[in-house]
């Protein structure tokens, strides 16, 4: 199901994060951006008030929708078709890409413009179109930058988080800009000019879909720059790619998501543009696309339906709030995950959507601190899912022999208090050669990673349980100052 | 009132002083304390790594140990969180044990929760004339909802100056096996946490979880930083003794 | 993939023999009650709309008559000196008598250039539109497209001037949806745009820049009826 497998199978999250940890600019930029976004989210959710009630409402709506996805998706599709839109169903990324290529080729299109969409990254549509000689231009400023750099987004909301303004200046200069400074205004003005020309010339516009409204067959896009509007207004053909779970039953429900999504993503009350598109342009209208094509993608999503542990991952509204609070993402950034979706949601979603061996190590890139769950506007228990994915790895025999042995040993020792006490007594003796001034120094074995950067405490001379009896006796004799009852 | 200690394997073996301070505080309030011998570990290291059977074998020792207890009190938000958040699920397939697990959830408290919410104590009569910063542990904070209790206790300690810790709610990078399995990332996390503790200007770092304190303290010591790292129980008990001296 | 297989797959995963065809019962729909009862009085709605729009970097000016609004618009164009002005056509123009202050300027009325409409609007400096609703809570104007109300007018020029009647302002988004659905049923216009301030991006080192693709200036002139 995955086409990215080959690219990353050779490396692990450990290798990739080690590289990322050496990139000081990246770490500084990620820290700065995520702190800014989470600060803005906190301020804007506090201003709204009743945030927990909103989250709960968000969860209820997503939960109801996904539990009845067959009904609401059907309703959506019928309504799209009633408005003259075309609908396609893709079982996997390859099918989705082929469907889109066919539409584009049928239109004899030379140039396609895109607004930011994670699902289009998931199906690698740019690669497929470019292989057929079709020019594809990313028009979100951040996506444009990383497309020029030939990279992948490193954040769901701010894709070029890892690029400096001077790198951006160089990329724009290579793309034809002259006399550019590193001033944001200057850089933005170049992108506006360069992309305006593309918008007006493009044959096909491609967008994702933040929400699909069942009651009307509408596609809803939340954007800030206006490129989403350009892409869905100017080219003759508009192609929407959406995950099958993007559905909301009604516009009343959209109001809830419109309060949750922008706040959680960027701390805005609402994005600059919320565009609600229902069918292609009407016959008499002078702008808007002649044709609207909607490609609905499964790609591993339906396998989560009916699964008690993982169905809720389909509730995700792709706000990126979990990235911004994740202490692991904070230090390694998005690329180290090696997947389209980074951060805690990526560490859960990626191994679920890709059933193969690749990415099964992502769930270990978490200290299980639970910050992601706390930040999630629809209350997805990501920390529980990470544990469940690790359990699945154990059940499917994916974990290493040494680890399995270690936990068998753990079971032997910790299942019976008598054995536990004996082992701990032995360990206290065994540690003596390793002790330096009361701390353990270990230059080999599994503890090395710890002791390289931290002192490791030694086992105490006597355990608490050995001391406890004498404390109790002293207390009974009234010796330790406790107020007697 | 009778309390059974869930001492946790870390405190039992590495930090017995924490257990001792905790017992002395409870004694001070006339609480009768016992330590059921058959307990070992809540099973979290295995559970969080995906080894459910292994986790259950250890967790079962707690069900056995605390069957007859009125209250179970522990010096760890993380281990208490494991009981609250995962035990019912861990034993869900066994009708008897699942009932025992639910009963255990209802009577198990982290120390600061127990002091504030059950004993209704916020002022333990302690004096601790030092600058202190507080690291709230993730599991205590998020799995268990221990937010204000430690701060309430600290705010009543005489002469204690509590200074804010930047990014206090960010994980210190311990995460049990995470610190070993993903040690590069863990190191980055603990380094930042330790730097922020130093920046806070505090003489003492206090927390409610031995795991996190071992991690941050280990880093501070490696860097030769003179910050003293204490469990809340240790700080309160030390302060209670000073408080007593002053009031005499 | 075939549509029927796609739906059969979903139904099966959800434990049903075939896809659900009757509307499922719902415990809750839409926003929490406290939000649904959130309604500001008219004066406050107007004020809130202006405050919120200005927070976003837009400008809002309130006029007590149509004549003074037109005077304001005229002054604005005087300052700006656009080479060309683009505008919605149809009922909107008549309602506001905008023509009166456009004499002597080159005006592109939407839809009068047929297939060339977009290309012409792309050359325009200032786009003037009305709106169907405005939302106080978020400083938003709501524009529904039709033959006279092209999407391009509020999108392609670098300045967007939107003329609003105070009676069009609602407190929150949900009210707008309720009215839109009442007016249109399931047959919505091809596009409805909720616009809150000027186009923005923070993609370059988190530095805010205005006017990336859409208008850099959004100017709301409000006629308080």
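Residue numbers (the numbering used here), protein chains in the order written: chain W, 874 to 1358; chain P, 4 to 251; chain R, 798 to 1022. Glycine included, each C-beta is placed from N, C-alpha and C at the ideal position. Nothing here was measured: the structure is a model prediction, and the numbers come from that model.
Does the beta-carbon distance from residue 72/P to residue 91/P come in below 8 Å?
Cβ distance not < 8 Å, so residue 72/P and residue 91/P don't count as in contact.
Note down the Cα distance separating residue 1356/W from residue 30/P, rounded to an integer number of angstroms.
Note that residue 1356/W scores a pLDDT of 43, beneath 50, so its modelled location is shaky and nothing firm can be said.
With H, G and I counted as helix, E and B as strand and the rest as coil, what does DSSP make of residue 1079/W?
In this structure, residue 1079/W counts as strand in the three-state DSSP scheme.
Whole-number beta carbon distance between residue 863/R and residue 1020/R, since they are thought to touch under 8 Å
Taking C-beta atoms under 8 Å as the contact rule, residue 1020/R and residue 863/R qualify, at a distance of about 6 Å.
Cβ-based burial, residue 879/W [other Cβ within 10 Å; buried from 16]:
Because the pLDDT of residue 879/W is 43, which lies under 50, any placement of that residue in the model is unreliable, and the question is left without a value.
Quick check: residue 812/R and residue 1179/W, are their CB atoms within less than 8 Å of each other?
Cβ atoms of residue 812/R and residue 1179/W: closer than 8 Å.
Per-residue burial, residue 1024/R [other beta carbons within 10 Å of its own, 16 or more giving buried]:
Missing from the structure shown is residue 1024/R; chain R here goes from 798 to 1022 and no further.
N- and C-terminal bounds of the beta strand (DSSP E) containing residue 1042/W
From DSSP, residue 1042/W is part of no beta strand (DSSP E) but of the alpha helix (DSSP H) over 1038 to 1047.
Just reading off the beta strand (DSSP E) that residue 1166/W is part of, what are its end residues?
Taken as a continuous stretch (DSSP letters only), the beta strand (DSSP E) holding residue 1166/W covers 1164 to 1170.
Chain W contact for residue 885/R (CB, 8 Å cutoff):
Interface flag for residue 885/R against chain W is unset, since no Cβ pair is found closer than 8 Å.
Please classify residue 99/P: is it buried, with 16 or more other beta-carbons within 10 angstroms of its beta-carbon, or exposed?
Exposed is the call here.
First and last residue of the beta strand (DSSP E) that includes residue 117/P?
Note, residue 117/P: premise wrong, no beta strand (DSSP E); not H, not E.
Grouping DSSP H, G and I as helix and E and B as strand, with all else coil, what is residue 110/P?
The DSSP-derived three-state label of residue 110/P is helix.
Tell me whether residue 22/P sits in a helix, a strand or coil according to DSSP, three-state version.
DSSP, read as helix, strand or coil, puts residue 22/P in helix.
Could you give the first and the last residue of the continuous beta strand (DSSP E) run that contains residue 1010/W?
Under the DSSP assignment, residue 1010/W falls in the beta strand (DSSP E) whose first and last residues are 1008 to 1011.
Hey, is the segment 833 to 843 of chain R in contact with the segment 949 to 969 of chain W, meaning 3+ C-beta pairs nearer than 8 Å?
Taking one beta carbon from each stretch, the segment 833 to 843 of chain R and the segment 949 to 969 of chain W have fewer than 3 pairs nearer than 8 Å; the two do not touch.
Is the beta carbon of residue 213/P sitting closer than 8 Å to the one on residue 43/P?
Here residue 213/P is not near residue 43/P, since their CB atoms are 8 Å or more apart.
Touch test, the segment 45 to 60 of chain P against the segment 1272 to 1281 of chain W, Cβ-Cβ under 8 Å, three pairs minimum
Per the Cβ contact rule, the segment 45 to 60 of chain P is in contact with the segment 1272 to 1281 of chain W (3 or more Cβ pairs under 8 Å).
Does residue 1054/W get closer than 8 Å to chain R when you measure Cβ to Cβ?
By this cut-off, residue 1054/W is not an interface position.
From the beta carbon of residue 957/R, is the nearest beta carbon of chain W less than 8 Å away?
So, not an interface residue.
Nearest to residue 49/P by alpha carbon, out of 1305/W, 1293/W, 1313/W, 1267/W?
The option with the nearest alpha carbon to residue 49/P is 1267/W.
For residue 991/R, would you say it is in contact with chain W, using Cβ-to-Cβ distances shorter than 8 Å as the test?
Taking Cβ atoms only, chain W reaches closer than 8 Å to residue 991/R, which makes this a yes.
Given this structure, state the Cα-to-Cα distance separating residue 1012/W from residue 951/W, to the nearest angstrom.
Their Cα atoms are separated by approximately 31 Å.
What is the DSSP secondary structure of residue 1251/W, reduced to helix, strand or coil?
In the three-state scheme derived from DSSP, where H, G and I count as helix and E and B as strand, residue 1251/W is classed as coil.
Beta carbon proximity, residue 1369/W to chain R, threshold 8 Å:
Since the first residue shown for chain W is 874 and the last is 1358, residue 1369/W is missing from the structure and cannot be characterised.
Got a sec: which bits of the segment 197 to 230 of chain P sit with their beta carbon under 7 Å from any beta carbon on chain W, in order along the chain?
Those would be 217, 218, 221, 222, 224, 225, in chain order.
Would you list, in chain order, the members of the segment 1242 to 1254 of chain W that have their beta-carbon closer than 8 Å to a beta-carbon of chain P?
Within the segment 1242 to 1254 of chain W, the qualifying residues are 1242, 1243, 1244, 1246, 1247.
Short CB-CB distance (under 8 Å) between residue 139/P and chain W:
For residue 139/P, the nearest beta carbon of chain W is not closer than 8 Å to its own beta carbon.
Nonlocal neighbours in the same chain, by C-beta distance under 7 Å from residue 828/R, ignoring five residues either side:
Setting aside the 5 residues that flank it on each side, residue 828/R is surrounded in the same chain by 971, each with a C-beta closer than 7 Å to its C-beta; the list follows chain order.
Going by beta-carbon coordinates alone, are residue 197/P and residue 226/P separated by less than 8 Å?
Result yes, Cβ atoms of residue 197/P and residue 226/P sit closer than 8 Å.
Any C-beta of chain W sitting closer than 8 Å to the C-beta of residue 834/R?
Output row for residue 834/R: interface = no.
With respect to the beta strand (DSSP E) encompassing residue 87/P, which residues constitute its N-terminal and C-terminal limits?
Bounds of any beta strand (DSSP E) do not take in residue 87/P; it lies within the alpha helix (DSSP H) bounded by 80 to 93.
Checking contacts by CB at 8 Å: is residue 1293/W closer than that to chain P?
By this cut-off, residue 1293/W is an interface position.
Best match in 1123/W, 1347/W, 994/W for proximity to residue 975/R [C-alpha to C-alpha]
Measuring from the Cα of residue 975/R, the nearest candidate turns out to be 1123/W.
Just to make sure I have the definition right: I need the residues of chain W whose C-beta is within less than 8 Å of the C-beta of residue 923/R. Which are they?
Correct list: empty, because the minimum Cβ distance to chain W is about 16 Å.
Going by Cα to Cα distance, which pick from 9/P, 117/P, 245/P, 28/P is closest to residue 67/P?
Nearest C-alpha to residue 67/P among 9/P, 117/P, 245/P, 28/P: 9/P.
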